[in-house]
Amino acid sequence: MFMFTRGRSFDGGRFLATPAPDSAAQPIRSIDAPATLRVPLAQADEPAAEPRVVTGQTVAANDLLGESPGGAGRVHSPVSGTVSRLARVDTPYQQDVPAIEIAVAGAGASEPSPGERTADAADWPAVGELLDRLGRLGVDLAESAWLWKVRRVDEIIISGLDCDPAQSAHLRTLTSYADEVVSTAAALHDVFGARRTWLVLDSARRRLLSALAEVARGCPVRVHGVVSKYPQGMANLLVRTVAGAEVPCEATPAAVAVWVTDACAMMDVFRAVVQEQACTWQTVTVAGDAVSSPGNYRVAPGSTIGSLVRHAGLAKTPRQIIVGGVMNGIAVPTGDVVLTKRTRCVTVRCDGVRAPSEAMACLRCGECQDVCPVGLDPRGLLELAERNRLELAVRRHPQVCLDCGLCDYVCPSSLPLMRGVRRCREHVSVR
Ligand code: SF4
Ligand code: SF4
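With the working numbering applied, the sequence shown covers 51 to 481.
Encoded structure:
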């Protein structure tokens, strides 16, 4: 049986309509790599890794392309081919990032097939060796530095909740790979000696909850349904709702010995440990009212957003491309921006795009404060940011903002509240 906590939740938040058609309805589809791939050496806003290949070198799928000093971040080749040059690309998170350009061997290279091994056949190593192996294969686990340090986790929360209503990568991964996710979660439970391990998804997905509970029968993984009020998928809110613990102000779940990860990360771990594959191809949701075939696609990092969108098809002329979903994503200027290992969602919209000039005076309705899941006053923080009174803003703890975008979403005056809160946060971080 799965467990369903009706009462425990968090203050604020908002129930959002699931976009139709549901991008989770289709099986995950693979997109062949383009003839030329430019694999970025930085996945988000961190410093770029250093190249470990030279022009003219032949590489095979899974070969190392670059690594950060000290080996903290590694980038591997998603395909076989020849390094044609060291290039520069724009990613959704940084401009002008170093990249390895690969002339892909054979037209239409697809994701390498996994080996025959199953989770039962895997020889799960102890914590130190496991983390070492995952690091070598470029699996980027949230809070991995903390895992390295403590090597002891009290609770593991694996989220099947997608952080944005447009995204369904975690939900679809659970639907397609229930055995792999559950067996990996059970193995990690034992490896880390966790007290409790949770697999969490929307309580409205009752058939999937029952199916997962059946898969998890007899193993230590607890399948758990939660009311999916946005932004329940954020790590600190999951800790409160599922583990019943409060993450202190400005801290991460590590502060209460909880490791929050997600279904897609479980598949990265499964592929690395069981199938000995480096972390390269990613599951990305393509959604939005301009897309004719929304769904989840396996894509090689270094592919352009334009090629992914073309594959999903356009039903209408797009007015905006957002990476990361409609609530708090990043609008990208062109389809030439390349995908990284961190990209989980691309939303292409033709309607509902509001110009900044449409912002009006605050109506003092209080909606932004009511929905804020961490109790901030976004209107007050925006006013302080606009009046450059950032020292006063510090006292209101803007750093606890989850970047959920809900204040922007509910504001009837279309005020750029999240931008104001971010400005206050940046001031706190540089003090
Ligand atoms: S202030 Fe931050 S946490 Fe609060 S609603 Fe706005 S984006 Fe979300
Ligand atoms: S939601 Fe918008 S209009 Fe309402 S109080 Fe907040 S800033 Fe003002």
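Even glycine gets a Cβ: it sits at the ideal position worked out from N, Cα and C.
Residues that residue i bridges to, as DSSP identifies them
| i | result |
| --- | --- |
| Ala137 | Ala149 |
| Val336 | Gly345 and Val396 |
| Trp196 | DSSP lists no partner for Trp196. |
| Trp248 | Ile207 and Arg272 |
| Asp312 | Ser209 |
| Ile380 | Val373 |
| Arg79 | Tyr347 |
| Glu117 | Glu100 and Arg124 |
| Thr132 | Thr108 and Ala153 |
| Tyr492 | The chain is shown from 51 up to 481; residue 492 falls before or after that span and cannot be answered. |
| Val388 | Thr354 |
Which listed residue (the options) has its alpha carbon closest to that of residue i
| i | options | result |
| --- | --- | --- |
| Asp190 | Cys415, Arg360, Val319 and Cys461 | Val319 |
| Gly425 | Pro448, Ser479, Val444 and Asn438 | Pro448 |
| Ala362 | Gly338, Ser163 and Asn378 | Gly338 |
| Val125 | Glu433, Thr330 and Arg446 | Thr330 |
| Arg475 | Leu432, Ser130, Ser342 and Thr108 | Leu432 |
| Cys395 | Pro215, Gln93 and Asp95 | Pro215 |
| Cys213 | Pro344, Pro281 and Val147 | Pro281 |
| Ala261 | Ala285, Thr234, Thr291 and Ser226 | Ser226 |
| Val66 | Ser80, Cys454 and His220 | Residue identity differs from the one stated: residue 66 is Leu in this sequence, not Val. Here the closest residue by C-alpha is Cys454. |
| Leu91 | Ala219, Gly352 and Leu364 | Gly352 |
| Leu452 | Val421, Ser463 and Ser218 | Val421 |
| Asp401 | Leu364, Ala340, Cys418 and Ala99 | Ala340 |
| Leu249 | Val241, Arg472, Gly243 and Val265 | Val265 |
| Arg246 | Val277, Ala293, Ser278 and Met284 | Ala293 |
| Gly470 | Leu180, Leu440 and Ser479 | Leu440 |
| Gly131 | Ala110, Arg138, Ala98 and Gly123 | Ala110 |
| Pro482 | Gln332, Thr393 and Val450 | As displayed, the chain neither begins before 51 nor continues past 481, which places residue 482 out of reach and without an answer. |
| Glu230 | Pro383, Ala365, Ala322 and Leu184 | Ala322 |
| Gly106 | Ile207, Ile152, Ser278 and Thr86 | Ile152 |
| Ala313 | Ile207, Asp173, Ile372 and Ala98 | Ile207 |
| Asp82 | Gln145, Val139, Gly156 and Ala285 | Gly156 |
Start and end residues, beta strand (DSSP E) containing residue i
| i | result |
| --- | --- |
| Ser209 | Glu205 to Ser209 |
| Pro90 | Thr86 to Pro90 |
Supposed contact pair residue j and residue i - C-beta distance, whole angstroms, cut 8 Å
| i | j | result |
| --- | --- | --- |
| Trp309 | Val154 | Their Cβ separation, rounded to whole angstroms, is 36 Å, which puts Trp309 and Val154 out of contact at 8 Å. |
| Asn346 | Ser73 | 7 Å |
| Arg135 | Gly116 | That belief does not hold up - the Cβ atoms of Arg135 and Gly116 are roughly 14 Å apart, past 8 Å. |
| Glu161 | Arg348 | 5 Å |
| Pro485 | Val289 | The requested residue 485 does not occur in the structure, where the chain is confined to residues 51 to 481. |
| Val518 | Ala159 | Absent from the model: residue 518. The displayed extent of the chain is 51 to 481, so no value can be given. |
Alpha helix (DSSP H) segment containing residue i, residue limits
| i | result |
| --- | --- |
| Gly185 | Val177 to Arg186 |
| Ile355 | Ile355 to Ala362 |
| Thr234 | Ala228 to Phe242 |
| Arg414 | No alpha helix (DSSP H) contains Arg414, which DSSP labels as neither H nor E. |
| Glu11 | Residue 11 cannot be examined here, being either before or after the span of the chain that is shown, 51 to 481. |
| Ile260 | Just to set this straight, residue 260 is Ser in the shown sequence, not Ile. Per DSSP, Ser260 belongs to the alpha helix (DSSP H) from Arg256 to Val265. |
| Val460 | Leu456 to Val460 |
| Arg429 | Pro428 to Glu436 |
| Ala293 | Careful: Ala293 lies outside any alpha helix (DSSP H) and carries neither H nor E. |
| Leu287 | Ala285 to Leu288 |
Any non-hydrogen atom of ligand 3 within 7 Å of residue i CB
| i | result |
| --- | --- |
| Cys457 | Ligand 3 is not among the ligands present in this structure, which contains only ligand 1 and ligand 2. |
Local Cβ density within 10 Å of residue i, reported as buried at 16 or more and exposed below that
| i | result |
| --- | --- |
| Cys415 | exposed |
| Thr397 | buried |
| Ser127 | buried |
| Met410 | exposed |
| Leu238 | buried |
| Lys391 | buried |
| Ile150 | buried |
| Arg56 | Note on Arg56: pLDDT 43, under 50, position unreliable in the model; the coordinate value appears next. Arg56 comes out exposed. |
| Gly268 | exposed |
| Arg429 | buried |
| Thr367 | exposed |
| Glu100 | exposed |
| Glu436 | exposed |
| Phe54 | Caution is warranted here: a pLDDT of 45 is assigned to Phe54, below 50, making its placement in the model unreliable, and no coordinate value can be reported. |
| Ala70 | Because Ala70 carries a pLDDT of 48, less than 50, the predicted location of this residue cannot be relied on, and no value is offered for it. |
| Val104 | exposed |
| Leu251 | buried |
| Gly63 | buried |
| Ser479 | exposed |
| Gln93 | buried |
| Asn438 | exposed |
| Ile355 | buried |
| Ser163 | exposed |
| Phe52 | Note that Phe52 scores a pLDDT of 46, beneath 50, so its modelled location is shaky; the value from the coordinates is reported in the next line. So Phe52 counts as buried. |
Beta carbon proximity, residue i to chain C, threshold 8 Å
| i | result |
| --- | --- |
| His126 | Included in the structure is just one protein chain, with no chain C present. |
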